[in-house]
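Some notes on the structure that comes next.
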Amino acid sequence: MGDTVHILGKSLSQTPIASVLIAALKQKATGELSVSHQQGQDRIYFQAGIPTGTQVLRAFKPLGRLLFDLGWIDMAAMERSLELMAQGRRQGEALVELGALTPEQLEQGLRLLQIRNLCEMAKLTEGDLAFEAAKPPPTWAAGVPPNALRTLREVLAVEQSQPVVDKLIERIGGERIPVRIPSHVIGGLRHFDLDDEEEAATRRLAEPKTLSAFWEVAGLDPRRARALAAELALTGLLVTYGVSEDTGQLAGQGSQQRQAASEARARLEELAHRPQASVARRDTQVQDKERRRRMRQRAMAGIAPDRFGRSFVAKPEEASSPVVEPPPTSPPADPEDDRPLTAEERSLEALIRERIELLPSQDLFQRLGLVRAATLPQIKSAFVKAVQLFHPDHLPPNLAHLQENQRRLFSAIKEAYDVLSDDGRRRDYLSQGTPARSGPTPGPAAKPRDEDAKIAAFRGDMLLQKKDYRGASDAFHSAYQLVKNGDHWASECWAILLDPDRKTEADRARAELLEAARKHPEAERPCYFLGVLARMDGRVEEAEELFQTVLRINPRHIEAGQEMRLLALRKKKGGRR
Numbered sequence: 137m138g139d140t141v142h143i144l145g146k147s148l149s150q151t152p153i154a155s156v157l158i159a160a161l162k163q164k165a166t167g168e169l170s171v172s173h174q175q176g177q178d179r180i181y182f183q184a185g186i187p188t189g190t191q192v193l194r195a196f197k198p199l200g201r202l203l204f205d206l207g208w209i210d211m212a213a214m215e216r217s218l219e220l221m222a223q224g225r226r227q228g229e230a231l232v233e234l235g236a237l238t239p240e241q242l243e244q245g246l247r248l249l250q251i252r253n254l255c256e257m258a259k260l261t262e263g264d265l266a267f268e269a270a271k272p273p274p275t276w277a278a279g280v281p282p283n284a285l286r287t288l289r290e291v292l293a294v295e296q297s298q299p300v301v302d303k304l305i306e307r308i309g310g311e312r313i314p315v316r317i318p319s320h321v322i323g324g325l326r327h328f329d330l331d332d333e334e335e336a337a338t339r340r341l342a343e344p345k346t347l348s349a350f351w352e353v354a355g356l357d358p359r360r361a362r363a364l365a366a367e368l369a370l371t372g373l374l375v376t377y378g379v380s381e382d383t384g385q386l387a388g389q390g391s392q393q394r395q396a397a398s399e400a401r402a403r404l405e406e407l408a409h410r411p412q413a414s415v416a417r418r419d420t421q422v423q424d425k426e427r428r429r430r431m432r433q434r435a436m437a438g439i440a441p442d443r444f445g446r447s448f449v450a451k452p453e454e455a456s457s458p459v460v461e462p463p464p465t466s467p468p469a470d471p472e473d474d475r476p477l478t479a480e481e482r483s484l485e486a487l488i489r490e491r492i493e494l495l496p497s498q499d500l501f502q503r504l505g506l507v508r509a510a511t512l513p514q515i516k517s518a519f520v521k522a523v524q525l526f527h528p529d530h531l532p533p534n535l536a537h538l539q540e541n542q543r544r545l546f547s548a549i550k551e552a553y554d555v556l557s558d559d560g561r562r563r564d565y566l567s568q569g570t571p572a573r574s575g576p577t578p579g580p581a582a583k584p585r586d587e588d589a590k591i592a593a594f595r596g597d598m599l600l601q602k603k604d605y606r607g608a609s610d611a612f613h614s615a616y617q618l619v620k621n622g623d624h625w626a627s628e629c630w631a632i633l634l635d636p637d638r639k640t641e642a643d644r645a646r647a648e649l650l651e652a653a654r655k656h657p658e659a660e661r662p663c664y665f666l667g668v669l670a671r672m673d674g675r676v677e678e679a680e681e682l683f684q685t686v687l688r689i690n691p692r693h694i695e696a697g698q699e700m701r702l703l704a705l706r707k708k709k710g711g712r713r
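Take 137 as the starting number for the sequence shown in this note's numbering and just add one per residue.
Here you go:
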């Protein structure tokens, strides 16, 4: 692995994501940028300055959910793609093979997903940045890179990017000096991937006008208008023209500006046609060829289209599945990925290992966490929760070593649902008197309360990431009622403290956090959450002591390690003053 450097910045407080993207384009950077923050670690993969892929934890949205929200696929297609994903297929490829998406739509969806991820990352205001130069992006990230200028424009429109936008606008004299797009560089606009509204707005800049006047006539949301103008200024296509309304002085014009604009146009040409890494291109071509071969085979098999004109694979005795939100799809693991596990990843790892150990002793009902008298709605509800927790594509890249176990576990859960959700097959199963199934003779499930508590706690962690604070606190409360664990108790308190609708309960939650730390000294979460609160309150020494306690309990606690590094950095800055 290459050395970790900081050529794209050291922290988000100094270098927001918008500035990172600008620096990467200017330096034509290739490598992997890690963004470490309180919720974990996000990554951006760059190839010659272009962000070709992302991995995000904060506000994660899987590809299937994005396509469904866009109206490009329906729920039936999403469910069928989930079934193929359980067999090890990627969701996008599955949707294309099912006929629910065209390859072009899949590529566009992947681009939109990457842009959406970068915009979510741009909302972060604190975190450490580390760039590993020359590290090639993983194969999955090299196929359909988004338009770099479109991506930058979307990121500049994020509220947290406005200081960067202000600086770019100030470089051309601010809002009160007339500006225009020279006619001889209009052709450069084709590289910006403008939508209809943006294209109409840029046409208004063909005639000189101040930016303050442009905001009024652009016909765009104010932040989008400012982002568009800032990007045009950055790329050299927007130039000053005429007299400042404030000073009455003539703005720079003439051959110098025409030359600068021409150079900017040349840079855009280079950016638009910059080649990807040859290996990545070959890999993509091989994948495309294989995909087309599979689609030809399916067409020759005479698959009949459904009433919407799409082709689906008919499966015999297919049980009706409940409508579920698809689990997050994680990119393939990087073989060189050796970052420490987050708290959520450690929790999931322990849960998967325990569920695998229990499988031989469980009947079909126990696989879903149900009693044998469970009703059909309860069976469907349990399956929905199991999909959200244990679907193979939910597995984080850092737990790739558990992939086979995850697939085996989900296959067992799906088998249980297929039998128990069908009235006839469930009656036959119950009439046997004992759980008739292949494999070892089943016996009583071991420690069901412990297992249920771990599932409830993991569900709470997932809801916390989605900012469903009420649901998260309820899940952690259920986990603590099952097993009196200090981490469950502390997590419930933390969910309450994060909930803006429960400010009146904040004092009680803080008091209970202290009580959880006192009664459960072996638990890491009470100390960690108290450390975060101390750091936010400015009690630096107390925060350091609490984070050190967490690291003594668990030396691999990545969040506590990040907090210690941030505190050390702030101390160093304070000492320089």
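Beta carbons: idealized from backbone N, C-alpha and C, even for Gly.
Exercise for the section: Helix, strand or coil for V686, going by three-state DSSP, please let me know. Expected result: Numbered from its first residue, the sequence shown carries residue 686 at position 550. If DSSP states are grouped into helix, strand and coil, V686 belongs with the helices.
Practice task
Take the Cβ of Q150 as the centre, count every other Cβ of all protein chains shown within 10 Å, and call the residue buried at 16 or more, exposed below.
Solution key: Taking the sequence shown and counting its residues from 1, the one referred to as residue 150 is at position 14. Flag for Q150 reads exposed.
Practice task
Note down, in chain order, each residue of its chain lying with its Cβ closer than 8 Å to the Cβ of V668, except the 5 sequence neighbours on either side.
Solution key: Along the sequence shown, one-based indexing puts residue 668 at 532. Q174, A679, E699, listed in sequence order.
Problem - Rounded separation between D419 and E335 - CA only - result: Taking the sequence shown and counting its residues from 1, the one referred to as residue 419 is at position 283. Taking the sequence shown and counting its residues from 1, the one referred to as residue 335 is at position 199. Here the model assigns D419 a pLDDT of 43, short of 50, so the residue's position is not dependable, and the following value carries that caveat. C-alpha separation (whole angstroms): 35 Å.
Exercise for the section: Taking S547 as the reference, give the member of F526, T188, A631, G310 with the closest Cα. Expected result: As a position in the sequence shown, residue 547 is number 411, starting the count at 1. Closest option to S547, Cα to Cα, is F526.
Exercise for the section: Measure the C-alpha to C-alpha separation of K162 and L556 and round it to an integer number of angstroms. Expected result: Looking up residue 162 in the sequence shown gives position 26. Looking up residue 556 in the sequence shown gives position 420. Taking the straight line joining both Cα atoms gives about 59 Å.
Handout entry: Same chain, Cβ closer than 6 Å to R595, five either side skipped, listed in chain order
Key = Within the sequence shown, the letter at position 459 stands for residue 595. The residues are A611.
Practice task
Note down, in chain order, each residue of its chain lying with its Cβ closer than 6 Å to the Cβ of A652, except the 5 sequence neighbours on either side.
Solution key: Counting from one through the sequence shown, the residue named residue 652 turns up at place 516. Same-chain partners within the cutoff: G622, W625, A626, P662.
Problem - Buried versus exposed call for A284 [16 or more other C-beta atoms within 10 Å across all chains shown] - result: Numbered from 1 along the sequence shown, position 148 holds the residue referred to as residue 284. Buried: at least 16 other Cβ atoms inside 10 Å.
Exercise for the section: Kindly indicate which residue of A366, R340, P344 has the alpha-carbon position closest to the one of P355. Expected result: Start at 1 with the first residue of the sequence shown, and residue 355 comes out as number 219. The amino acid occupying residue 355 in the given sequence is Gly; Pro does not appear at that position. The residue with the shortest Cα to Cα distance from G355 is R340.
Problem - Distance cut-off 7 Å: P513 Cβ against heavy atoms of the ligand PLP - result: Within the structure as shown, the ligand PLP is missing, as the structure has no ligands at all.
Problem - Ordered list of alpha helix (DSSP H) runs contained in the region 498–559, each at least 4 residues - result: 500–503, 512–526, 539–556
Exercise for the section: Report buried or exposed for P314, applying the criterion of at least 16 other Cβ atoms within 10 angstroms of its Cβ. Expected result: The residue given as residue 314 occupies position 178 in the sequence shown. P314 is buried by the Cβ-count criterion.
Handout entry: Span of the alpha helix (DSSP H) around E215
Key = In the sequence shown, the residue the question calls residue 215 occupies position 79. From DSSP, the alpha helix (DSSP H) with E215 extends over 211–221.
Practice task
Return the CA-CA distance between L347 and R312, expressed in angstroms with no decimal places.
Solution key: The residue given as residue 347 occupies position 211 in the sequence shown. The residue given as residue 312 occupies position 176 in the sequence shown. For L347 and R312, the distance between alpha carbons rounds to 7 Å.
Practice task
Tell me whether H173 sits in a helix, a strand or coil according to DSSP, three-state version.
Solution key: Here the question's residue 173 lines up with position 37 in the sequence shown. Three-state result, H173: strand.
Handout entry: Alpha carbon of R362 to alpha carbon of R644, nearest angstrom
Key = Taking the first residue of the sequence shown as 1, we reach residue 362 at position 226. Taking the first residue of the sequence shown as 1, we reach residue 644 at position 508. If I take the Cα positions, the gap works out to 44 Å.
Exercise for the section: From the DSSP output, read off the bridge partner residues of K264. Expected result: Here residue 264 refers to the residue found at position 128 of the sequence shown. Reading off the sequence, residue 264 comes out as Asp, not Lys. BP columns for D264 point to S147, S172.
Handout entry: Residue range of the unbroken alpha helix (DSSP H) whose run includes P358
Key = As a working note, residue 358 is residue 222 in the sequence shown. Element bounds for P358: 358–370.
Problem - Nonlocal neighbours in the same chain, by C-beta distance under 6 Å from A659, ignoring five residues either side - result: Position 523 of the sequence shown holds residue 659. G622, D623, listed in sequence order.
Handout entry: For I689 and D329, the rounded distance between their alpha carbons
Key = As a working mapping, residue 329 is identified with position 193 in the sequence shown. As a working mapping, residue 689 is identified with position 553 in the sequence shown. Taking the straight line from one Cα to the other gives about 51 Å.
Handout entry: Proximal residues to I322 (C-beta, below 8 Å), its chain only, five neighbours per side dropped
Key = As a first step, residue 322 is located in the sequence shown; it is residue number 186 there, counting from the start. Answer for I322: A342, listed in chain order.
Practice task
Can you check DSSP and say which residues form a bridge with E269?
Solution key: For this step, residue 269 is matched to residue 133 along the sequence shown. What sits at residue 269 in the sequence shown is Ala, not Glu. DSSP lists G167 as partners of A269.
Handout entry: Proximity of E695 and Y664 at Cβ, strictly below 8 Å
Key = On the sequence shown, position 559 is the one that residue 695 refers to. On the sequence shown, position 528 is the one that residue 664 refers to. Yes.
Exercise for the section: Quick one: grab the DSSP three-state call for K345. Expected result: Looking up residue 345 in the sequence shown gives position 209. In the structure shown, K345 sits in a strand (DSSP, three-state: E or B).
Problem - Whole alpha helix (DSSP H) elements within the region 608–655, 4-residue minimum - result: 622–634, 642–655
Exercise for the section: Consult DSSP for V294 and reduce its assignment to one of helix, strand or coil. Expected result: As a working mapping, residue 294 is identified with position 158 in the sequence shown. Reduced to three states, the DSSP call for V294 is coil.
Problem - D554 versus R561: straight-line alpha-carbon distance, rounded - result: By 1-based counting over the sequence shown, the position of residue 554 is 418. By 1-based counting over the sequence shown, the position of residue 561 is 425. Near 9 Å, if we compare the C-alpha coordinates of R561 and D554.
Practice task
Would you check if the distance between the CB atom of I609 and the CB atom of A631 is smaller than 8 Å?
Solution key: Position 473 of the sequence shown, counted from the start, is the residue given in the question as residue 609. Position 495 of the sequence shown, counted from the start, is the residue given in the question as residue 631. What sits at residue 609 in the sequence shown is Ser, not Ile. For S609 and A631, yes; Cβs fall inside 8 Å.
Practice task
Measuring alpha carbon to alpha carbon, tell me which of D357, I317, G309, A269 ends up nearest E290.
Solution key: Reading the sequence shown from its first residue, position 154 is the one you call residue 290. Per the Cα distances, D357.
Exercise for the section: Measure the alpha-carbon distance for G145 versus D559 and round it to whole angstroms. Expected result: Start at 1 with the first residue of the sequence shown, and residue 145 comes out as number 9. Start at 1 with the first residue of the sequence shown, and residue 559 comes out as number 423. Rounded to the nearest angstrom, the two C-alpha atoms are 60 Å apart.
Exercise for the section: Spatial neighbours of D474 within its chain, please: CB distance less than 6 Å, with the 5 preceding and 5 following residues excluded, ordered by chain position. Expected result: What you label residue 474 is simply residue 338 of the sequence shown in a count that begins at 1. Residue confidence for D474 is low, a pLDDT of 47 falling below 50, so the modelled location carries little weight and cannot support an answer.
Exercise for the section: Would you check if the distance between the CB atom of L373 and the CB atom of A365 is smaller than 8 Å? Expected result: Start at 1 with the first residue of the sequence shown, and residue 373 comes out as number 237. Start at 1 with the first residue of the sequence shown, and residue 365 comes out as number 229. No, the pair does not count as a contact, with Cβ atoms beyond the cut-off.
Practice task
Please classify D178: does DSSP put it in a helix, a strand, or coil?
Solution key: One-based indexing of the sequence shown puts residue 178 at position 42. Note: D178 maps to strand in three-state DSSP.
Exercise for the section: Taking only the alpha-carbon atoms, compute the straight-line gap between R638 and P496 and give it to the nearest angstrom. Expected result: Indexing the sequence shown from 1 puts residue 638 at position 502. Indexing the sequence shown from 1 puts residue 496 at position 360. Answer to the nearest angstrom: the Cα atoms are 44 Å apart.
Exercise for the section: Measure the CB-CB distance between E295 and R359 and report whether it falls below 8 Å. Expected result: Here the question's residue 295 lines up with position 159 in the sequence shown. Here the question's residue 359 lines up with position 223 in the sequence shown. In contact: E295 and R359 (Cβ atoms closer than 8 Å).
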